[in-house]
Each structure stands twice: as structure tokens, then as C-alpha cells.
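Notes for the one structure printed next.
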Amino acid sequence: MAVSLREYRARIKSTESMKKITRAMELIAASRIIKAQQRAQSAAPYARELTRAVSAVATYSNVDHPLTREPEDPKRAAVLIVTSDRGLAGAYSSSVLKEAERLAERLRGEGKEIDTYICGRKGEAYYKFRGRPVVASWTGFSDQPSYDAAHEIGRTLIDAFLAEEGEPNAVDEVHVVFTRFRSMLVQEPTDVRLLPLEVVEGEEKPDRAEVLPLYEFEPSAEAVLDGLLPQYVQSRIFFALLQAAASELAARQKAMKSATDNADELIKKFTRIANQARQAGITQEISEIVGGVNALADAQAGQD
Amino acid sequence: MADNDQLQVELVAADRTVWSGQATMIIAKTADGDIGVLRNHMPVLSLLVDGVISVDPVDGDRMYAAVDGGFLSVANNRVSILAQYAALADEIDVEAARAEFEAAQGEDSDEAQERARRAEARIRAVEKAS
Chain A
1 MAVSLREYRA RIKSTESMKK ITRAMELIAA SRIIKAQQRA QSAAPYAREL TRAVSAVATY
61 SNVDHPLTRE PEDPKRAAVL IVTSDRGLAG AYSSSVLKEA ERLAERLRGE GKEIDTYICG
121 RKGEAYYKFR GRPVVASWTG FSDQPSYDAA HEIGRTLIDA FLAEEGEPNA VDEVHVVFTR
181 FRSMLVQEPT DVRLLPLEVV EGEEKPDRAE VLPLYEFEPS AEAVLDGLLP QYVQSRIFFA
241 LLQAAASELA ARQKAMKSAT DNADELIKKF TRIANQARQA GITQEISEIV GGVNALADAQ
301 AGQD
Chain B
1 MADNDQLQVE LVAADRTVWS GQATMIIAKT ADGDIGVLRN HMPVLSLLVD GVISVDPVDG
61 DRMYAAVDGG FLSVANNRVS ILAQYAALAD EIDVEAARAE FEAAQGEDSD EAQERARRAE
121 ARIRAVEKAS
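These protein sequence lines are chains A and B, in that order.
Anchor point for the first sequence: position 175 equals 175 in this note's numbering, and the numbering is continuous, going up by one each time.
Anchor point for the second sequence: position 7 equals 7 in this note's numbering, and the numbering is continuous, going up by one each time.
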């Protein structure tokens with residue numbers, strides 16, 4: 001009995017130290033998530049101004065730019081999957097990957113071939129393990145993406161989109177799969193078609209008084225568009241990365257919170273069992289003593 | 001009237017707002033040459049090149065900022081300057097910029113030249129400010 005008691009004590013101890021770790025991870029994720037949200041907020045003005053500028057150009061000049069042109073017969077699609085670098089974030093990476101599978105299925109149904117691009121080690125490992133080809137992958141920034149990363153990814157995807165048919169990696173469409181951060185509790189994997197760009201006039205129509213003015217373009221509308229659109233694409237990718245980072249942290253916080261709670265439960269359970277084992281040991285010892293005393297008493301009574 | 005010669009200016013980098021406030025004049029370097037913006041300027045959207053932006057705020061001294069390309073958009077007395085990288089002169093680390101300039105000049109690729117140009121813009125912004 002004493003052996004199993006010691007065993008239980010050891011299990012309680014290890015569960016306790018596990019709980020300390022998950023608790024620490026939960027707190028770290030909670031503090032980082034605030035930073036991630038701040039980053040998303042401070043990136044918002046850039047995205048807003050850029051969208052304004054793009055819709056200004058789109059409204060006052062005939063937009064005919066390679067990046068907005070719909071290919072007549074799309075055959076290949078690139079899919080960028082934004083996953084995390086590290087695990088222990090619950091179902092975060094696997095639900096993005098599942099969404100990506102769904103999208104791939106749909107695209108294949110439309111008769112398109114798929115080139116996969118990946119952000120984050122988890123996605124990379126998933127594809128490597130299954131032996132599926134990946135055109136390019138980027139890792140090492142999933143919980144705090146920099147604009148440079150978005151810039152690099154954007155350039156690669158734009159190059160692939162603009163490449164003529166027949167060139168390696170040429171694609172007719174670019175999709176992004178990432179996790180949208182709705183709230184601390186809800187993060188949903190979404191897919192968005194990035195290219196060809198659909199220039200939306202903004203979800204809310206500007207007021208009559210705020211009609212976009214007639215701009216003069218320098219050096220020319222085409223040149224401005226040439227400069228603007230790639231930036232716009234990159235800023236959209238940056239937005240996706242930031243959302244994914246916030247979602248990853250929220251998912252991790254949630255996962256670690258339930259791990260901590262679970263450790264609590266386990267400790268409680270093990271403590272009960274250990275107490276029971278201890279009590280059983282004591283009871284046995286007592287009954288052994290009592291039995292021994294009785295036997296002695298009986299023997300002495302026999303002698304008398 | 002003070003209100004009448006003001007521009008609402010936003011200098012925005014990809015990951016943050018660098019400066020925002022009221023100003024009387026902006027000078028920026030576009031692909032076609034320098035452009036100065038005063039109040040009631042006509043709406044313009046133009047491409048900038050790596051260079052120095054100068055801003056005359058309503059209160060305070062003239063400020064300088066370095067940008068890596070980007071755009072200038074002017075409409076209804078609102079000026080927004082968008083650039084992937086932008087920094088005010090007093091935020092720039094001159095030594096780092098000088099070191100990068102020297103390092104980039106030694107190389108002979110397009111990318112290095114771009115880096116050199118950007119570092120030069122940063123150095124110039126600091127020199128003008130001092």
C-alpha cells in the first residue's frame with residue numbers, strides 16, 4: 001500500500017508542476033494578445049488610407065491593371081495558409097488546415113490545380129508529413145508578424161500571379177486562408193480571394209457631402225495604380241497575419257486555461273485516491289495490531 | 001484667421017501612425033519632383049520616391065521625416081502620406097543609417113542601391129533637422 005501512496009504523491013507533484021507551466025502559458029498568451037490587438041489597431045490607419053486611395057483611383061480612372069484583370073479561364077490557384085509556429089493552441093492550426101482542405105476541394109471541383117504556400121511551422125510540418133508539395137513557406141513570425149514578412153509574401157504571390165502561363169508557379173488566382181479574430185472567444189477560419197483584386201468601393205457608401213474628389217494623378221493614373229495595388233495586396237496580407245496572430249494567442253490562452261482547469265481536477269482526484277490509499281494502509285495496520293493483540297491475549301488466556 | 005491656413009496631416013507607416021496633426025505646409029519629393037502643399041491645394045494622388053518630407057506644423061518648428069517611397073494624397077485639406085517605412089528625424093538612429101549606407105554602397109545590386117538610397121534619405125532628414 002505504501003508504494004502506491006508514494007506513486008500517487010509523485011503523480012500529484014508532476015501534475016502540479018504541469019499546472020504551473022500551463023498557467024504561465026495562459027498568462028503569457030493573455031498579455032501578448034493585448035499587444036497583438038494594439039498592433040492590429042495601429043496598422044488600421046494605413047489600411048484605411050490605402051483603401052481610400054485605391055477606391056479614389058478606381059472611381060476616377062478606368063481601372064485596367066494586371067492585378068485586377070480576371071483571367072478568362074482560371075486553371076491554377078495559389079492558396080496561402082496562415083498557421084502558427086508553435087502548438088499548444090488547441091485546435092487553432094488544425095481548423096485552419098481543415099478550412100484550407102475544404103477550399104482546395106472546392107477549387108479542385110472547379111477544375112483548378114492548386115499551389116500551396118504556407119506560413120507557420122505547423123502547416124509546414126503537416127504538409128511535409130503527408131508528402132505534399134509546397135511552393136514556398138515562411139516561418140518564425142506567427143505570433144508577432146512584421147510588415148516586412150507581409151511584404152515578402154506579397155511580392156512572391158504577386159510575382160506568381162503576374163507570371164505568364166507556362167512559367168513555373170504561374171497562377172490565375174490567389175486565395176488566403178487565415179483565422180479571423182472575432183472576439184476573445186470566437187475565432188473563425190476564413191478564406192478570402194486576394195487576387196485578382198476586387199476593388200470594393202468600401203462597404204459603407206460615402207455620404208453625398210463626402211464624395212471623393214476629382215484627383216490629379218502624378219505621374220499618371222497608371223503609374224499610381226502600379227504603385228498602389230501591390231501595397232494594397234501587401235496590406236491585406238499583413239491584415240491577415242495580424243488577425244491570425246491575435247487568433248493564435250486567443251486560442252492558446254483558451255487551450256491553456258482548460259489545461260490548467262483539467263490539472264486542477266486531476267490533482268483533486270489524485271489527492272482523494274491518495275487519501276483513500278493512506279487510510280486503507282492505516283486501517284490495515286490497526287487491524288493487524290488489534291489482531292496481534294487479540295491473538296496474544298487468547299494465547300495467554302489459554303496458558304492461565 | 002488661423003483656421004484658414006491649416007491642413008489636417010496624417011503621416012502613416014505600415015504599422016503605426018507616425019505623426020498626425022495640423023500643419024500649414026508640406027513639402028514632399030514625388031517621382032516628378034518636389035511638391036509643396038498649402039491649404040486649398042487641388043486633390044492630388046502622387047507617388048513619392050525615397051526621400052525627406054518636411055512638415056510645418058501649426059505650432060512648433062518645421063519637422064522632417066524620412067519615407068521609403070509611398071504615396072501622397074491631398075483632398076479637402078486633408079493630406080495623407082503613406083509609406084511602408086516612415087520615421088521622424090528625431091526617431092532616426094543616424095549611426096545605424098550611416099553604417100547601413102556604407103555597407104549598402106559597397107555592394108553592387110539593385111537591392112543594395114535601394115537600401116543605400118533609403119539610408120541616405122534617413123541621414124538627410126536628420127541633417128536637415130539639426
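From the three backbone atoms N, C-alpha and C, an ideal C-beta is built for every residue, glycine too.
Query	Result
Near-chain A residues of the region 33–55 of chain B (beta-carbon distance less than 8 Å), N- to C-terminal order	I35, M42, P43, V44, L45, S46, L47
Within 8 Å of chain B by C-beta, residues of the region 236–266 of chain A in sequence order	F238
Proximal chain A residues relative to S73 (chain B), where beta-carbon distance stays under 9 Å	E49, R52, A53, A56, Y215
Buried versus exposed call for G120 (chain A) [16 or more other C-beta atoms within 10 Å across all chains shown]	buried
The beta strand (DSSP E) enclosing K29 (chain B), as first and last residue numbers	16–30
Spatial neighbours of K112 (chain A) in its chain, beta-carbon cut-off 8 Å, leaving aside the 5 residues before and after	P74, K75, R76, A77, D172, E173
Reduced DSSP secondary structure (H/G/I, E/B, other) of E95 (chain B)	helix
Those residues which DSSP pairs with R322 (chain A) across a bridge	Residue 322 (chain A) falls outside the range modelled here, since chain A spans only 1 to 304, and no answer is possible.
Closer than 8 Å at the beta carbon, the chain B residues around H65 (chain A)	Near H65 (chain A) there are no residues of chain B at all, since even the closest Cβ is about 15 Å away, more than 8 Å.
Buried/exposed call for L7 (chain B), threshold 16 Cβ in 10 Å	buried
Residue environment, R283 (chain A), which counts as buried when at least 16 other CB atoms sit within 10 Å	Checking the sequence shown, residue 283 (chain A) turns out to be Thr, not Arg. So T283 (chain A) ends up on the exposed side.
Contact the region 234–253 of chain A vs the region 53–61 of chain B: 3+ CB pairs below 8 Å	no
Contacts that V224 (chain A) makes with chain B (C-beta to C-beta distance below 9 Å)	L45, S46, L47, F71
Cβ pair V135 (chain A), Y117 (chain A) closer than 8 Å	yes
G106 (chain B), DSSP secondary structure in three states	helix
Residues near R39 (chain A) by beta carbon distance below 7 Å, same chain, minus five either side	L242
Members of the region 110–124 of chain B near chain A, C-beta cut-off 8 Å	none
Cutoff 7 Å; reference P189 (chain A); Cβ partners in own chain excluding five residues on either side	S95, V96, E99, V177, T179
Through-space distance from A125 (chain B) to R117 (chain B), alpha-carbon basis	12 Å
Minimum C-alpha distance to D115 (chain A) - residue among A:I237, A:F161, A:T260, A:Y147	A:F161
Beta-carbon proximity check, S196 (chain A) vs R69 (chain A), cutoff 8 Å	Here residue 196 (chain A) is Pro; the residue named in the question, Ser, does not match the sequence. Taking 8 Å as the Cβ cut-off, P196 (chain A) and R69 (chain A) qualify as a contacting pair.
Straight-line Cα distance separating A56 (chain A) from S46 (chain B)	12 Å
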